[in-house]
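Asks: Chains as they are written, first to last, in my numbering: chain A, 1 to 237; chain B, 1001 to 1237. Each residue gets a CB set at the ideal place from its N, CA and C atoms; glycine is no exception.
Protein chains: 2
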Amino acid sequence: MSLPKALAFDIFGTVVDWHSSISRETRSFLSEYLPDLPPSDFALQWRELYQPAMRECVGTQRGFVSLDTLHHETLLKLLEAHRVDVSLIDPDILSALAHAWRRLDPWPDVVPGMNQLRQRFPLVTLSNANVELMVALNRYGGLQWDAILGAEFARTYKPDPVAYVSTAQALGLEPGQLCLVAGHHSDLAGARASGLMTAYIDRPMEYGGAPAPDQSFAQRWDWQADSLTDLASQLLN
Amino acid sequence: MSLPKALAFDIFGTVVDWHSSISRETRSFLSEYLPDLPPSDFALQWRELYQPAMRECVGTQRGFVSLDTLHHETLLKLLEAHRVDVSLIDPDILSALAHAWRRLDPWPDVVPGMNQLRQRFPLVTLSNANVELMVALNRYGGLQWDAILGAEFARTYKPDPVAYVSTAQALGLEPGQLCLVAGHHSDLAGARASGLMTAYIDRPMEYGGAPAPDQSFAQRWDWQADSLTDLASQLLN
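1) For L1079/B and P1106/B, which I take to be in contact (beta-carbon distance under 8 Å), what is that distance rounded to the nearest angstrom?
2) Roughly how many whole angstroms lie between the Cα atoms of D1010/B and L1126/B?
3) I'd like to know if A1147/B contacts chain A, where contact means its C-beta is closer than 7 Å to some C-beta of that chain.
4) Alpha carbon to alpha carbon, what distance is there between L173/A and V124/A?
5) For Q1144/B, go through chain A and note every residue whose CB falls closer than 7 Å to its CB, in chain order.
6) For P1122/B, return the contacting residues in chain D, with the cut-off set at a CB-CB distance below 8 Å.
7) Could you tell me the alpha carbon to alpha carbon distance between A98/A and P1211/B, rounded to whole angstroms?
8) For the beta strand (DSSP E) containing P1124/B, list its first residue and its last residue.
9) Starting from V54/A and walking both ways along the alpha helix (DSSP H), at which residues does that stretch end?
10) Could you give the uninterrupted runs of the beta strand (DSSP E) lying entirely in the region 1095–1173 of chain B, keeping only those of 3 residues or more?
11) Using a Cβ-Cβ cut-off of less than 7 Å, list which residues of the region 1170–1188 of chain B approach chain A; keep chain order.
12) By the DSSP assignment, the beta strand (DSSP E) with F29/A in it spans what residues?
13) Run through DSSP, which three-state label would V86/A get?
14) What three-state label does DSSP hand W1223/B in the structure shown?
15) When the cut-off is 7 Å and only beta carbons count, does E73/A lie next to chain B?
16) At which residues does the beta strand (DSSP E) containing A1006/B begin and terminate?
17) Just checking, does the region 184–204 of chain A make contact with the region 223–230 of chain A on the three C-beta pairs under 8 Å criterion?
18) Enumerate in chain order the residues of its own chain whose CB-to-CB distance from W101/A is below 6 Å, with the five nearest sequence positions on each side excluded.
19) By how many angstroms is the C-alpha of R27/A removed from the C-alpha of L37/A?
20) Please tell me whether G1190/B and P1213/B are closer than 7 Å, where the distance is taken between their beta carbons.
21) Go ahead and label I22/A buried or exposed: buried means 16 or more other beta carbons lie within 10 angstroms of its beta carbon, across all protein chains shown.
22) Kindly list, in the order they appear in chain B, the residues whose Cβ is closer than 7 Å to that of E56/A.
23) Per the DSSP calculation, L178/A is bridged to which residue(s)?
24) Would you say V15/A faces chain B, with C-beta separation under 7 Å as the test?
25) Any Cβ of chain A within less than 7 Å of the Cβ of V1131/B?
26) Whose C-alpha, out of N237/A, L3/A and R83/A, is nearest the C-alpha of L34/A?
27) Going by C-alpha distance, which of V1065/B, A1151/B, M1114/B and P1052/B is nearest A1232/B?
28) Check this for me: beta carbons of A1170/B and V16/A, under 7 Å apart or not?
29) Out of G1176/B, G1209/B, Q1177/B and F1217/B, which has the shortest C-alpha to C-alpha gap to L1188/B?
30) Looking at the structure shown, is A191/A part of a helix, part of a strand, or coil, going by DSSP?
31) Rounded C-beta distance between A182/A and P161/A? I'm assuming under 8 Å.
32) For a contact defined as C-beta to C-beta under 7 Å, what are the partners of E152/A on chain B?
33) Report the three-state DSSP secondary structure of F1012/B (helix, strand or coil).
34) Consult DSSP for A199/A and reduce its assignment to one of helix, strand or coil.
35) Where R1220/B and T60/A are concerned, what is the direct C-alpha to C-alpha distance, given to the nearest angstrom?
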C-alpha cells in the first residue's frame, strides 16, 4: 500500500470525545430542567438526532445549513420530546447550550499523534462542522490544521461524495491520494466509495461504552489503529 | 474604535516578501534563458500580469481558476513576451518555476507578530491564493492560521465583495466585526466598501523599493502599522 499525500480527519468521535464532554456541559442545565434524565442519556439522544437532521439538508430544497444551527434545532426538538416548554427558557441559555458542541475535549492521544503526523503529512479537517464551530473547537482543544475543509467548503454534508472529493481537489490531489481518518465505519464507507484511502481509529468509548450504530458498515480498511499515535507509528515507520 | 472579533490577512506582499523570493527562485532559470534580464525586473513583470489575469476570471464565463494555474499561464505569457520559445523547455521545469510562488519568505516581523495576535484573535487568510498554494506556503514559512478562507472558499477573487463578506460569514461575524490586514490600499478599499474594518501594514520594500501601483487608493485606515508586531501592540494594549 503506498502512502497517502495528505490526511483528512473526521472530528466528532474520532478527534474529540463528544459523549463525555456533552454530558459534562449539559449536567447543570439538566439538573434544573430534567433532573431524572442522566446527562449521558441526553448526550446520546442529542447526537442521535444529528444524522436525520443533516440528511434533510442533502439534495433537498433546504440546502446547506451550518451544524451550529442544526445543533440548536435538535436541542429544541429533544427538549420538547421530554416535555420541556422551551418558550419559558431564556434564549441565551439555549444558545449557550447549543454551543456545548464547541467545548469538546480531544481524546488524550490526539495532540501528540497529530504532532507526529504533521511532520510528514498535511492534516485537514473533513467534518460536517461549519468553519465557525471548527475554529472554536480547535482553539478550545489546542488543535492545529493545515486547512478547514469538508462540509462548508463543499456546501454539502458527508456522506455526499462531493464532500470527500472536493477536499482532495482543494489539495490538488486525486481522491486516491487522500486518506480519511475516522472512527466510523459508515463515514469510511462513504470515503471509500468516493475513491479515498481509509484509516479506522477504534474509539470504543465514543458512545460511553454503548455499541456504535454503524457496525453493519464494518470492513477491512487500509489502516486500522487504536489511537492517532498508533496510526502515526504505522504510517511513519 | 471598537476592536475586531477576528483578523483576516492578505498574503502576497503583506505577509510574504514575493519580490525578493521570486527573484531568488528564478535567478538560475533566467541565467540560462534570459541572462540580460535582472531577476528583480522579471519578478516585477510577472507580478504585474497577475491583476489582469485575475480580472478575466471575475464575473466572466471563465469563472474561478486557481492562482497556481494563473501563475503558470502568466509565466508562459511573460517568457513569450521576452521571445523565449517555451515549447523547447521541459514542462516540468516550467511547472516547478510556476510553483516558485509556494516558496516565499515571510517578512521578519510576521511570525512573532502572528504569535502575539493569535492570543487574542482568530487569524484567517483572505487571499486570492488557492488552498493548495496556501498550504504549501504556510508549511514553507512556518505560518499557522485558524482557517484558510478567501478566494477559493468564496469561489471568486478579491476585490469582488463576495470574497470579503463570505469570509466574515464563515466566521459567524458581521462584515464590520472583521478586520482586513493588508499592505495594499486597493485591497483595503475593497474591504472597506464591503463593510470590513481595515488595518494597513506599510511594506516599502514590497516592489524592491519601487513605488506601489495603488497609491491613488490611499486613505486613512482604521489602523496603520509598519509591521505585524506594531499592529499587535496597537490592538493588544
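Replies: Considering the structure as presented:
1) Translated into positions along the second sequence, residue 1079/B becomes position 79. Translated into positions along the second sequence, residue 1106/B becomes position 106. With a Cβ gap of about 28 Å, L1079/B and P1106/B do not count as contacting.
2) Here residue 1010/B refers to the residue found at position 10 of the second sequence. Here residue 1126/B refers to the residue found at position 126 of the second sequence. Each residue's alpha carbon lies about 5 Å from the other.
3) If you number the second sequence from 1, residue 1147/B lands on position 147. With 7 Å as the cut-off, A1147/B counts as an interface residue toward chain A.
4) As a working mapping, residue 124/A is identified with position 124 in the first sequence. As a working mapping, residue 173/A is identified with position 173 in the first sequence. One alpha carbon belongs to V124/A, the other to L173/A, and they sit about 13 Å apart.
5) Taking the second sequence and counting its residues from 1, the one referred to as residue 1144/B is at position 144. Those are Q144, listed as they occur along chain A.
6) You won't find chain D in this structure, because its protein chains are A and B.
7) Reading the first sequence from its first residue, position 98 is the one you call residue 98/A. Reading the second sequence from its first residue, position 211 is the one you call residue 1211/B. Approximately 51 Å between the Cα atoms of the pair.
8) Along the second sequence, one-based indexing puts residue 1124/B at 124. According to the sequence shown, residue 1124/B is Val rather than Pro. Residues L1123 to S1127.
9) Within the first sequence, residue 54/A is the residue found at index 54, counting from 1. Looking at the sequence shown, residue 54/A is not Val but Met. M54/A -> alpha helix (DSSP H) spans Y50 to R55.
10) DSSP runs (the beta strand (DSSP E)) wholly in the region 1095–1173 of chain B: 1123–1127 and 1147–1150.
11) A1170, L1171 and G1172
12) Stepping through the first sequence from its first residue, residue 29/A is reached at position 29. First-last for F29/A: W18 to Y33, but that is the alpha helix (DSSP H), not the beta strand (DSSP E).
13) As a position in the first sequence, residue 86/A is number 86, starting the count at 1. In the three-state DSSP reduction, V86/A falls in the helix class (H, G or I).
14) Locating residue 1223/B in the second sequence gives position 223, where the first residue counts as 1. Strand, per DSSP.
15) Sequence index remark: in the first sequence, residue 73/A carries index 73 (1-based). No, because no Cβ of chain B sits closer than 7 Å to the Cβ of E73/A.
16) Here residue 1006/B corresponds to residue number 6 of the second sequence, with the count starting at 1. Run containing A1006/B: A1006 to F1009, per the beta strand (DSSP E) assignment.
17) The region 184–204 of chain A vs the region 223–230 of chain A: in contact.
18) Indexing the first sequence from 1 puts residue 101/A at position 101. Here the set comprises H71.
19) Counting from one through the first sequence, the residue named residue 37/A turns up at place 37. Counting from one through the first sequence, the residue named residue 27/A turns up at place 27. Answer to the nearest angstrom: the Cα atoms are 10 Å apart.
20) Within the second sequence, residue 1190/B is the residue found at index 190, counting from 1. Within the second sequence, residue 1213/B is the residue found at index 213, counting from 1. Not in contact: G1190/B and P1213/B (Cβ atoms no closer than 7 Å).
21) Position 22 of the first sequence, counted from the start, is the residue given in the question as residue 22/A. Counting Cβ neighbours within 10 Å, I22/A comes out buried, since at least 16 surround it.
22) The count along the first sequence starts at 1 and reaches residue 56/A at position 56. Per Cβ cutoff of 7 Å: no residues; E56/A is ~22 Å from chain B at best.
23) Within the first sequence, residue 178/A is the residue found at index 178, counting from 1. DSSP, once it has assigned bridges, lists A6/A as partnering L178/A.
24) What you label residue 15/A is simply residue 15 of the first sequence in a count that begins at 1. So no, V15/A is outside the interface.
25) Sequence index remark: in the second sequence, residue 1131/B carries index 131 (1-based). Closer than 7 Å to some Cβ of chain A, the Cβ of V1131/B qualifies, so yes.
26) For the purposes of this step, residue 34/A is identified with residue 34 of the first sequence, where counting begins at 1. When each option's Cα is compared against that of L34/A, the closest is R83/A.
27) The residue you call residue 1232/B lines up with position 232 of the second sequence. Checked all of V1065/B, A1151/B, M1114/B and P1052/B; the closest Cα to A1232/B is M1114/B.
28) Within the second sequence, the letter at position 170 stands for residue 1170/B. Within the first sequence, the letter at position 16 stands for residue 16/A. Not closer than 7 Å, so no.
29) Within the second sequence, numbered from 1, the residue matching residue 1188/B stands at position 188. Answer by Cα proximity: F1217/B.
30) Indexing the first sequence from 1 puts residue 191/A at position 191. In this structure, A191/A counts as helix in the three-state DSSP scheme.
31) In the first sequence, the residue the question calls residue 182/A occupies position 182. In the first sequence, the residue the question calls residue 161/A occupies position 161. At roughly 15 Å, the Cβ-Cβ gap does not stay under 8 Å, so A182/A and P161/A are not in contact.
32) Working through the first sequence from its first residue, we reach residue 152/A at position 152. Chain B residues near E152/A: A1170.
33) As a first step, residue 1012/B must be located in the second sequence, where it is residue number 12. DSSP places F1012/B in strand when its eight states are reduced to three.
34) Taking the first sequence and counting its residues from 1, the one referred to as residue 199/A is at position 199. If DSSP states are grouped into helix, strand and coil, A199/A belongs with the strands.
35) Looking up residue 1220/B in the second sequence gives position 220. Looking up residue 60/A in the first sequence gives position 60. So the alpha carbons of these two residues sit roughly 47 Å apart.
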